[in-house]
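Residue numbering for the sequence shown is -18 to 249, as defined by my numbering.
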Amino acid sequence: MSKKPDILLTRDVRFAPAALESAPGEANNFAANPPPNGVMPVVTLAVQVAGHIHTDTGMLVNIKHIDQIVRRVAAPAMADMLRSDIQSIGPGLLLAELFQRCGAALQPYVMTNLMLKISPWMYFQAHGGELPMIQMAQKFEFSAAHRLHNPELSPEKNQELFGKCNNLNGHGHNYELEVLISGQPDPHSGQIMPLANFQRLVNEHVIDVFDHKHLNMDCPEFSTLNPTVENIARVIFTKMQGVFATGVKLVAIKVWETPKTCCEVRAG
Ligand code: NI
């Protein structure tokens, strides 16, 4: 068998770091373990491990093992930081620390990626070998109308291809946009870039341009380009390329047209 890892497994572990001492061992793995003892942050650590399937178990690694390590190693480290004088934990410092501790504790399994989800709208991740560079993603929303239509095709063919999306006067979607960037965190704030600047750039280049617009009729980008979710994602990726300061790289753009349909464009 090849020595090179040929399979990846990712496990989400949810916990309330500050509740570690008040509710040790209480099991509620769907909400969080330990669960929040009152109003307090609940975070998710997504641990990705690379390796091989063991023929005796059919597993790469037992997910209980990952859960135990995160709760034994990462949760106390985060609880310590919450108790310390650090008013706001910088994601750079935190991820580097957690990656090192969890990675060491998981050996001989190889942890390849560690993602810290701090809310449904924002996550940070460290990828093996890329530290001290980390990645940050944030979700944004915009609402827009569009019509899918190709004027070179017959009305019947357009109907057949696009169905209801070919409606003459268009229809609307509540789009979700995720922007993923990477960079070396600032040693003081732990952030790749100030969050206000990040939001300002996305607002300026995307949200203010497309929000509450009819993409075909109001936006020159789509005057001749069919505003499919694929084309919208590609246009947004192109717009966001090169807008960040030196040292910050656009990694990927994801656009959800509906909760069931998402398109991702990644840097080459
Ligand atoms: Ni549509």
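Built from N, CA and C at the ideal position, the CB exists for glycine as well. Bear in mind the structure is a predicted one, so any value in this text is a computation, not a measurement.
May I have the straight-line CA-CA distance separating residue i from residue j, to the nearest angstrom?
{"i": "V187", "j": "V42", "result": "42 Å"}
{"i": "P168", "j": "T242", "result": "38 Å"}
{"i": "K145", "j": "G153", "result": "11 Å"}
{"i": "K45", "j": "S163", "result": "31 Å"}
{"i": "R181", "j": "D37", "result": "53 Å"}
{"i": "K98", "j": "T25", "result": "5 Å"}
{"i": "T239", "j": "D199", "result": "22 Å"}
{"i": "V54", "j": "R82", "result": "7 Å"}
{"i": "H130", "j": "W102", "result": "32 Å"}
{"i": "K138", "j": "E185", "result": "37 Å"}
{"i": "Q140", "j": "I234", "result": "29 Å"}
{"i": "V30", "j": "N150", "result": "49 Å"}
Let me check one thing: in DSSP terms, what residues is residue i bridge-paired to?
{"i": "W237", "result": "E157, C243"}
{"i": "Y251", "result": "Residue 251 lies beyond the stretch modelled for the chain, which goes from -18 to 249, so this question has no answer here."}
{"i": "D(-13)", "result": "Note: D(-13) sits in no beta bridge, so no partner."}
{"i": "I213", "result": "Paired residue(s): none; I213 is not in a bridge."}
Between the Cα of residue i and the Cα atoms of the options, which residue gives the shortest distance?
{"i": "H195", "options": "P89, A125, P17", "result": "A125"}
{"i": "P160", "options": "F105, L149, T239", "result": "Per the sequence shown, the amino acid found at residue 160 is Val instead of Pro. Cα-wise, what sits closest to V160 is F105."}
{"i": "G249", "options": "L231, K235, V224", "result": "L231"}
{"i": "L206", "options": "Q116, N94, H127", "result": "H127"}
{"i": "E211", "options": "Y90, H33, R247, E111", "result": "R247"}
{"i": "F80", "options": "W237, P16, N94", "result": "N94"}
{"i": "P113", "options": "V91, L76, E133, F121", "result": "L76"}
{"i": "M40", "options": "F121, V236, L(-10), A0", "result": "L(-10)"}
Would DSSP call residue i helix, strand or coil?
{"i": "L231", "result": "strand"}
{"i": "Q88", "result": "coil"}
Practice task
Please list, in chain order, all residues with a C-beta atom less than 6 Å from at least one heavy atom of ligand 1.
Solution key: Environment of ligand 1, chain-ordered: H127, C146, H152, H154, taking every residue with Cβ within less than 6 Å of a heavy atom.
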